[in-house]
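Colleague:
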Amino acid sequence: MTATSDKFATCNLCEAICGIVVETNGPHIEKIRGDADDPFSRGHICPKAAALKDLHEDPDRLRHPLVREGQSWREVSWDHAFDLVAERLRDIQQRHGESAVAVYQGNPTVHSLGAMLFAPTFVRSLRTQNKFSATSVDQLPQMLAAYNMFGHQFFLPIPDIDRTEHFIILGANPVVSNGSLMTAPGAAHRIKNIVRRGGKVIVIDPRRTETAEIATEYHAIVPGTDALLLFAMVNTLFAENLVNLRHLHAITVGVNELKAAAAPFPAEKVATKTGIDADTIKTLAREFANAERAVVYGRVGICTQQMGTLASWLIVALNVLTGRIDAPGGAMFTKPALDIVGMGLLSRGSFGRWKSRVRGLPEFGGELPVSALAEEILTPGEGQIRALVTSAGNPVLSTPNGKKLDEALSSLNFMVSIDIYKNETTRHAHVILPPTGPLERDHYDAVFHALSVRNTARFSPAVFPKPPNTKHDWEIFAALTRRMSKLNNKRAARNFAEAAAFQWVGPARILDLGLRMGPHGGKLSPFVGGASLHHLRKNPHGVDFGPLEPCLPERLPSKDKKIQLAPKLFVAHVPRAAIALDKQPSSELLLVGRRELRSNNSWMHNSAKLMKGQPRFTLQMHPNDAQKRHLKTGDKARITSRVGSVEAPVEVTADMMPGVVSLPHGYGHNRSGVQLSVAQKHAFESANDITDETFLDPVSGNAALNGVPVSVELLHQSLL
Ligand code: SF4
């Protein structure tokens, strides 16, 4: 009989990066629990952590390279698969140009140190302009705001949730997400603490969310109108002399331009559009300005709407106008042990250097908006995408008009997927290269420690050894880079050398160097303590370097060391918001998404633990809207948008704002060729089969997944 042992690890399933204890018995997992000694997550976990066991043991998880021939798949050697991929991609590029090969990187990329370090060199080796990722169905507007206001796309202000007294939350549900662009494990507890210490928590959302349930105040807002509300709050601050930049005065430019931009939006004018009355809007602004420690925070609901960039800009602007940026209890910046911004490990960003071929959508940070991917594959002509590399992504379920993308993928000349599953997207691949699972590789959160509400660091060695004849994601990227770089030109030679050197060094040594040279590191001296891999290995529960500290202007990445309060790009789009004030309200219902505790996009639907219980794929709607359509809970409804229809059981709830309906996304596992046996039993439909690839934020090109006009009709009555 083998003895059980505890291994300290990190749950990498969401941004909260909770410390976990994996009780192992030989190659088996007995149990997963929260690590009570973790100084950051303090034992917190959500139900998803336990499902890491399902993921680790999943018989559907792929372990060896597969090649598709027609509808059948066969296992091949790694070398055969790598050679085949490189040959096909190179052949297509030689015949049709470099950009005929596109890349899509999914969300899990940022949860893997290996992928973070090695994927960029591989992507560079392709020399394509057709790069896409999950960024443009998520946080792109917030990164664009950071780029234009602070000078770096990843210099993102983080709500100092543990010290604030006044927390305004728009389009986010941290009780369920545990924070996003605000790594905050146990967010519910942290939010309750704000209330316990006499503070206010105000949620503004079309749905009374789980966070609204524990807030002190909730306001329903019409989807897509957050920018109007925020403009009116800015307008009120100026009108009532509540602007006080405090310590930011000397480093902020553009105050007058922002004042002028907000002038057309007095609270009285935006009230009917937003659904929030003028007095309430003014009170929101006044109380925010007068609170001792306050912060406004917005997330995915703010970004994925037609005015996503304007809303993201105005959230930062409100925090600047009241001196909350870089102030305890406000919106602060991390000083992470691996300083991805300060050490220049991530690029500052870029905007509009090129545009998508068909619709002219702008590049941001080297990527194009994924809403353009299907048309770039389907539209013939020079520059048409003919091959695709996907990595850790399922855009068929997670990007707008997934059905169109599904069709587009089936027309590709060649597709390769680096993925552990044969899912709705990767079923189209000709080759699948499956990396090791999350418990089989070392783990360090390069990105999420940099977005955390405290300065923390945790290195988790692999819980299980790498199984024989398997490869880590970074080994796959390095092998492909070397093969793709064999073309005889200087840049390729550099990529080749970089990949070879990186592979020789490996992620752990690169991390060690980064930690030593970072703000908490002891540099290269063996006699000085501080952050290093050795230090983190000696502290397996993680290290807490303390609360966020003021750091401006020293850490401000902008070249002039100023905060730009009114970037020209954003001001140019203000008239569009003004036009929205005069638009007639839509007679249709507006669709929004929602996040569930037991799900994370499409990732965890093959876990029996998480999928049990009541089906969560329901159309939530307000009783008045249901009554008008003769619908009741349990009835089956058809929901139709410009691009298609899906069916869903109705859930009547007063939590929804009248005129708004909600579906969770990430379902739709009923496509043939998918190998997800649990998910297929809970297939449902994909909400992104009715979101619209032409419905987007025109500034950034980010998908507007919220506020999509839909009609709802009864399909079948429930017999209950
Ligand atoms: S909140 Fe849940 S899914 Fe996210 S890291 Fe913690 S345990 Fe994992």
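Numbering (my numbering) for the sequence shown: -11 to 708.
We treat Cβ as the ideally placed atom computed from N, Cα and C, and that holds for glycine.
Just so we're clear, the structure is a prediction, and the values are computed from it rather than from any experiment.
1) Tell me whether P324 is buried or exposed, calling it buried when 16 or more other Cβ atoms sit within 10 Å of its Cβ.
2) Is K556 helix, strand or coil by DSSP?
3) Give the DSSP-derived three-state secondary structure of I8 in the structure shown.
4) How should K270 be labelled, buried or exposed, when 16 other C-beta atoms within 10 angstroms of its C-beta is the threshold for buried?
5) Just to check my reading of the structure: A319 and T171 have Cβ atoms closer than 8 angstroms, yes? What is that Cβ distance to the nearest angstrom?
6) Which same chain residues, not among the five before or five after N476, have their C-beta less than 8 angstroms away from its C-beta?
7) Starting from F110, trace the alpha helix (DSSP H) in both directions and tell me its first and last residue.
8) Check whether the Cβ of N166 lies closer than 7 angstroms to any heavy atom of the ligand SF4, and answer yes or no.
9) State buried or exposed for K511, treating a residue as buried only when at least 16 other CB atoms are found within 10 Å of its CB.
10) Since N676 contacts G390 with CB under 8 angstroms, what's their CB separation in whole angstroms?
11) Are the stretch 133 to 151 and the stretch 300 to 317 touching, with three or more C-beta to C-beta distances below 8 angstroms?
12) Residues in the same chain with beta-carbon distance under 7 angstroms from E280, minus the five sequence neighbours each way, listed in chain order, please.
13) For T109, which of L333, A277, C291 has the nearest alpha-carbon?
14) Could you pull the start and end residues of the beta strand (DSSP E) that V191 belongs to?
15) Alpha carbon to alpha carbon, what distance is there between K119 and G369?
16) Taking just the CA atoms, how far does G348 sit from V89?
17) Let me check understanding here. Comparing Cα to Cα, which of N95, T378, K549, F515 lies closest to F436?
18) Could you give the residue range of the beta strand (DSSP E) that holds I157?
19) Near Q130, what residues of its chain come up, given a Cβ to Cβ distance below 7 angstroms and the 5 sequence neighbours on each side ignored?
20) Buried or exposed: A642, going by 16 or more other Cβ atoms within 10 Å of its Cβ?
21) Is the closest heavy atom of the ligand SF4 to the C-beta of L439 under 7 angstroms?
22) Tell me whether the beta-carbon of P388 lies closer than 8 angstroms to the beta-carbon of L693.
23) As a quick exercise: from F672, A315, A176, pick the residue whose alpha carbon is nearest that of L385.
24) How close, in whole Å, do the beta carbons of A691 and L684 come, if the pair is a contact with beta carbons under 8 angstroms?
25) Whose C-alpha, out of L468, L501, S546, L544, is nearest the C-alpha of D71?
26) Taking only runs that begin and end inside the stretch 567 to 613, name each unbroken alpha helix (DSSP H) of 4 or more residues, in chain order.
27) Please output, in chain order, the residues near the ligand SF4 using a CB cut-off of less than 5 angstroms to any non-hydrogen atom of the ligand.
28) Among the candidates C(-1), H52, G31, whose CA atom is the shortest distance from the CA of L408?
29) Determine the burial state of I567: buried for a count of at least 16 other Cβ atoms within 10 Å of its Cβ, exposed for fewer.
Modeller: In brief:
1) The count along the sequence shown starts at 1 and reaches residue 324 at position 336. Buried is the call here.
2) Within the sequence shown, numbered from 1, the residue matching residue 556 stands at position 568. It is helical.
3) Here residue 8 is taken as the residue at index 20 of the sequence shown, counted from 1. Of the three classes helix, strand and coil, the one that applies to I8 here is strand, per DSSP.
4) As a working mapping, residue 270 is identified with position 282 in the sequence shown. With a threshold of 16 other beta carbon atoms within 10 Å, K270 meets it and is buried.
5) Translated into positions along the sequence shown, residue 319 becomes position 331. Translated into positions along the sequence shown, residue 171 becomes position 183. Their Cβ separation, rounded to whole angstroms, is 14 angstroms, which puts A319 and T171 out of contact at 8 angstroms.
6) Within the sequence shown, the letter at position 488 stands for residue 476. Any answer about N476 is weak, because its pLDDT of 46 lies below 50 and its placement is not dependable; what the coordinates show is given next. Nothing listed; no residue qualifies.
7) Translated into the one-based positions of the sequence shown, residue 110 becomes position 122. Start and end: 101 to 114.
8) On the sequence shown, residue 166 is found 178 positions in, with the first residue counted as 1. N166 Cβ: within cutoff of the ligand SF4.
9) For the purposes of this step, residue 511 is taken as the residue at position 523 of the sequence shown. Looking at its Cβ environment, which holds fewer than 16 other Cβ atoms inside 10 Å, K511 is exposed.
10) Counting from one through the sequence shown, the residue named residue 676 turns up at place 688. Counting from one through the sequence shown, the residue named residue 390 turns up at place 402. Rounded, the Cβ-Cβ distance is 4 angstroms, consistent with contact.
11) yes
12) Locating residue 280 in the sequence shown gives position 292, where the first residue counts as 1. If we look at E280 and ignore the five residues flanking it on each side, its Cβ neighbours are E153.
13) By one-based count along the sequence shown, residue 109 stands at place 121. The residue with the shortest Cα to Cα distance from T109 is L333.
14) Numbered from 1 along the sequence shown, position 203 holds the residue referred to as residue 191. Here the beta strand (DSSP E) through V191 covers 188 to 192.
15) Stepping through the sequence shown from its first residue, residue 369 is reached at position 381. Stepping through the sequence shown from its first residue, residue 119 is reached at position 131. One C-alpha to the other measures close to 18 angstroms.
16) In the sequence shown, residue 89 corresponds to position 101, counting from 1. In the sequence shown, residue 348 corresponds to position 360, counting from 1. Whole-angstrom Cα-Cα distance: 18 angstroms.
17) Here residue 436 is taken as the residue at index 448 of the sequence shown, counted from 1. Minimum Cα distance to F436 is reached at N95.
18) Within the sequence shown, residue 157 is the residue found at index 169, counting from 1. Residues 154 to 158.
19) Your numbering for residue 130 matches position 142 in the sequence shown. Within the same chain, Q130 has close Cβ partners L144, L169, C291, S300.
20) What you label residue 642 is simply residue 654 of the sequence shown in a count that begins at 1. Classification for A642: exposed.
21) Here residue 439 refers to the residue found at position 451 when the sequence shown is read from its first residue. No, the Cβ of L439 stays beyond 7 angstroms of every heavy atom of the ligand SF4.
22) Along the sequence shown, one-based indexing puts residue 388 at 400. Along the sequence shown, one-based indexing puts residue 693 at 705. Result yes, Cβ atoms of P388 and L693 sit closer than 8 angstroms.
23) Working through the sequence shown from its first residue, we reach residue 385 at position 397. For L385, the nearest C-alpha among the options comes from F672.
24) Reading the sequence shown from its first residue, position 703 is the one you call residue 691. Reading the sequence shown from its first residue, position 696 is the one you call residue 684. About 5 angstroms separates the two Cβ atoms, so the contact holds.
25) Residue 71 sits at position 83 when you count from the first residue of the sequence shown. That would be L468, whose Cα lies nearest to the Cα of D71.
26) 596 to 599
27) C(-1), L1, C2, A4, C6, I33, C34, K36, A37, N166
28) For the purposes of this step, residue 408 is identified with residue 420 of the sequence shown, where counting begins at 1. Reading off the sequence, residue 408 comes out as Ile, not Leu. Checking every option, the nearest Cα to that of I408 belongs to H52.
29) Here residue 567 corresponds to residue number 579 of the sequence shown, with the count starting at 1. Classification for I567: exposed.
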